[in-house]
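Working notes for the structure below.
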Amino acid sequence: NAGVTQTPKFRVLKTGQSMTLLCAQDMNHEYMYWYRQDPGMGLRLIHYSVGEGTTAKGEVPDGYNVSRLKKQNFLLGLESAAPSQTSVYFCASSNPGNYGYTFGSGTRLTVV
Amino acid sequence: AQSVTQPDIHITVSEGASLELRCNYSYGATPYLFWYVQSPGQGLQLLLKYFSGDTLVQGIKGFEAEFKRSQSSFNLRKPSVHWSDAAEYFCAVGAGNQFYFGTGTSLTVIP
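Residue numbers (the numbering used here), protein chains in the order written: chain R, 5 to 116; chain P, 24 to 134.
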C-alpha cells in the first residue's frame, strides 16, 4: 500500500549542480504533478502530466524539466540548481475527473 | 483566473473549543473544493471534498465544511478541537487538470 513514493527525502546541492527527483505511484493514476511548497506561498504547480509521454508547464516551471516515460513514474530535474530552488517538493497523482490527489511525503531540497 | 484565499495565516484555539477556518475562492464555473491537512514534515492528507449536491460535507477526523456559492466560500469547521489537530490546513479548488491551493492556515491548539 505504497501510494506515492518520492526519492530522495532530503538532499543538499551546491549551486550549479544537477539532480533528479523521482516520483513513483502504484495506483495506476493517469495524472501526476510536481509542486513546490515555500513558507507563506502554499503549494505552487511546477509541471504536470496527463498521461505517459506527456508533460505540461504549471505556474512556476522555470529552471525545471520533467519526464514521464512510464505511467507510474514522474521525474523532476534541476539542470543547474540555484538557491531560489531551495524548497520542499511534493509529487501527487490522480485520475481524470476524480481530483482525489494522493500526495507523496515530500523531498526537502537545500541549495547552498 | 482561479484563485484561493485563506485570510488567516495563523489561528490559535484552546483544546475543546470550536474551530472555523476560512476559505474564499475565485472560479468561473462550479468549483470542486477541497480541504487538506499537513502535519509537520508530512505530505498533505485529504480531509474532505465538495463536488456537487449537499452543500454541507462531512470529512475525516470530525471536520465538516459548508459551500456557500453566494459568498464564494468553503469554510472548514470542527465543533471541538483536539490537540492532535494542530497542523497546517490548505484549501484548494480543482479546475480542469489542476489544483489551486491557498497559502494555508497554521493551527495551534492550546492545552
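Every residue gets a Cβ at the ideal spot worked out from N, C-alpha and C, and that includes glycine.
Close-in-space but distant-in-sequence residues of the same chain around residue i (CB under 6 Å, 5 per side omitted)
| i | result |
| --- | --- |
| T90/R | T114, V115 |
| V54/R | Y35 |
For residue i, the residue or residues it bridges with in DSSP
| i | result |
| --- | --- |
| M23/R | L82/R |
| S71/R | L79/R |
| G46/R | D42/R |
| A109/P | Per DSSP, none; premise fails for A109/P. |
| L69/P | Y59/P |
| F124/P | A115/P |
| N47/P | T28/P, S96/P |
| H33/R | DSSP, once it has assigned bridges, lists no residue as partnering H33/R. |
| A60/R | Y52/R |
| V132/P | V36/P |
| S98/R | Y35/R |
| Y105/R | Answer by DSSP bridge pairing: none, since Y105/R is not bridged. |
| K101/P | L42/P |
Cβ of residue i within 9 Å of any chain R Cβ
| i | result |
| --- | --- |
| G125/P | yes |
| F90/P | no |
| K72/P | yes |
| I34/P | no |
| F57/P | yes |
| L130/P | no |
| L44/P | no |
| L69/P | yes |
Residue i: contacting residues in chain B (beta-carbon distance under 7 Å)
| i | result |
| --- | --- |
| G66/P | Of the protein chains in the structure, R and P, none is chain B. |
Any non-hydrogen atom of the ligand SAM closer than 8 Å to residue i Cβ
| i | result |
| --- | --- |
| K74/R | Although the ligand SAM was asked about, the structure shown includes no ligands whatsoever. |
Proximal residues to residue i (C-beta, below 8 Å), its chain only, five neighbours per side dropped
| i | result |
| --- | --- |
| E38/P | V104, H105, W106, V132, I133, P134 |
| F86/P | W58, L70, L71, L99, R100, K101 |
| L49/R | Y37, W38, Y39, G62, E63, V64 |
| V36/P | L42, V104, L130, T131, V132, I133 |
Residues near residue i by beta carbon distance below 7 Å, same chain, minus five either side
| i | result |
| --- | --- |
| A28/R | T9, Q76, N77 |
Within-9 Å CB hit, residue i to chain P
| i | result |
| --- | --- |
| V64/R | no |
| V8/R | yes |
| G104/R | yes |
(message) Along the stretch 66-91 of chain R, where does the CB come closer than 8 Å to a CB of chain P? Name the residues.
(response) none
(message) Against chain R, which members of the stretch 109-121 of chain P pass a CB distance test of less than 7 Å?
(response) F113, G117, N120, Q121
(request) Could you list the residues in the stretch 44-55 of chain R with a C-beta less than 7 Å from some C-beta on chain P, going in chain order? (result) G44, M45, G46, L47, L49, Y52, V54
(message) Below 8 Å, how does it come out for the stretch 115-125 of chain P and the stretch 42-62 of chain P: are there three or more Cβ pairs, yes or no?
(response) yes
(request) For the stretch 32-46 of chain R and the stretch 92-99 of chain R, state whether three or more C-beta atom pairs, one from each stretch, are separated by less than 8 Å. (result) yes
(message) Residues of the stretch 95-109 of chain P in Cβ contact with chain R at a cutoff of 9 Å, in chain order, please.
(response) none
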